[in-house]
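Per the working numbering: the sequence shown = residues 55 to 259.
All C-beta atoms in this analysis are idealised placements derived from N, C-alpha and C, irrespective of residue type, glycine included.
These numbers were taken from a predicted model, which means no experiment stands behind them.
Report on one structure; see the data block that follows.
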Amino acid sequence: MTQNKTNIQSYITIQNNEIVLNGTSVFKTEPTDFADFSKQAYRNFEMQYPKFFKMDALSKLAFLGSELLLSPISSTEEENNIALVLANKSSSLDTDVKYQESISDKENYFPSPAVFVYTLPNICLGEISIRHQLKSENSFFIFDTFNTEFMSNYSNILLNTNKADIVLCGWVEFFNDNYKAFLCTISKEENTKYTNETINTLYNK
Numbered sequence: 055m056t057q058n059k060t061n062i063q064s065y066i067t068i069q070n071n072e073i074v075l076n077g078t079s080v081f082k083t084e085p086t087d088f089a090d091f092s093k094q095a096y097r098n099f100e101m102q103y104p105k106f107f108k109m110d111a112l113s114k115l116a117f118l119g120s121e122l123l124l125s126p127i128s129s130t131e132e133e134n135n136i137a138l139v140l141a142n143k144s145s146s147l148d149t150d151v152k153y154q155e156s157i158s159d160k161e162n163y164f165p166s167p168a169v170f171v172y173t174l175p176n177i178c179l180g181e182i183s184i185r186h187q188l189k190s191e192n193s194f195f196i197f198d199t200f201n202t203e204f205m206s207n208y209s210n211i212l213l214n215t216n217k218a219d220i221v222l223c224g225w226v227e228f229f230n231d232n233y234k235a236f237l238c239t240i241s242k243e244e245n246t247k248y249t250n251e252t253i254n255t256l257y258n259k
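Below, the structure is given as structure tokens:
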């Protein structure tokens, strides 16, 4: 099968209290924890989605990045064939630890259903899908480091077999308030802006 060329359309990086969209810093705060940073970012971009505040940190991280990439191209009026392909290293361990703490103390036993909901990493895919009304392919992988070749190949297969018109692909890692999100949209549509760029070069910028 001859594969059609796929193209990076846009990308976003979130780390160190800063959001960089297509190479340009669009939001930055003084050093603070992620909970505060994410709240400030949400308000800065005037996102209207109250459920955001109930999400765990991993979902908030993925949500912020996907919101800025997908909002300009997704429409609630028609079905969007946008696949989601994400990965990280720690899975949902940050939330797992919090949930374990809630059930470990026999004297103060308070298992939280609200926390338990997020003890799978792919829940962040569900949050994005609900927000953008997506019913398309989605996968969440666990790697020691961002396996850009695998992620790129997987995304290209989805596009070249017409399983998706656009793929939101990337890395969303969160553990102990250390975080990095790198997301990009890929499609078969021509885009000369990132002709010489790959997922790998953009991730490492």
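* Neighbourhood of residue 55 by C-beta distance below 6 Å, restricted to the same chain and skipping five residues each side -> Its pLDDT being 42, under 50, residue 55 is placed unreliably by the model, and nothing is read from it.
* With respect to the alpha helix (DSSP H) encompassing residue 93, which residues constitute its N-terminal and C-terminal limits? -> 88-98
* **Identity of the residues DSSP links to residue 68 by a beta bridge** => 73, 235
* Asked: So, helix, strand or coil for residue 197, using DSSP?
  -> coil
* **Inter-residue Cα distance where the pair is residue 178 and residue 246** => 31 Å
* Span of the beta strand (DSSP E) holding residue 140? -> 136-142
* **Contact between the segment 234-242 and the segment 205-222 (3+ Cβ pairs under 8 Å)** => yes
* **Enclosing alpha helix (DSSP H) for residue 113 [first to last residue]** => 111-124
* Taking 8 Å as the cut-off, decide whether the C-beta atoms of residue 218 and residue 183 are in contact. => no
* Assuming residue 233 contacts residue 88 (C-beta within less than 8 Å), just tell me the rounded distance between them. => 6 Å
* Under 8 Å by Cβ, that's how I've got residue 115 and residue 235 pegged, so tell me the actual separation to the nearest angstrom. => 5 Å
* To do: Might you give, ordered along the chain, the residues of its own chain that have their beta carbon closer than 7 Å to the beta carbon of residue 123, omitting 5 neighbours on each side?
  => 64, 66, 222, 237, 239
* Using 10 angstroms around the beta-carbon of residue 90, count the other beta-carbons present and answer buried if the total reaches 16, otherwise exposed. => exposed
* Excluding the five sequence neighbours on either side, which residues of its own chain have a C-beta within less than 7 Å of the C-beta of residue 195, listed in chain order? -> 141
* **Cβ shell of residue 145 (< 7 Å), same chain only, five flanking positions each side left out** => 175, 196
* Asked: On the three-state DSSP scale, how would you describe residue 207?
  -> helix
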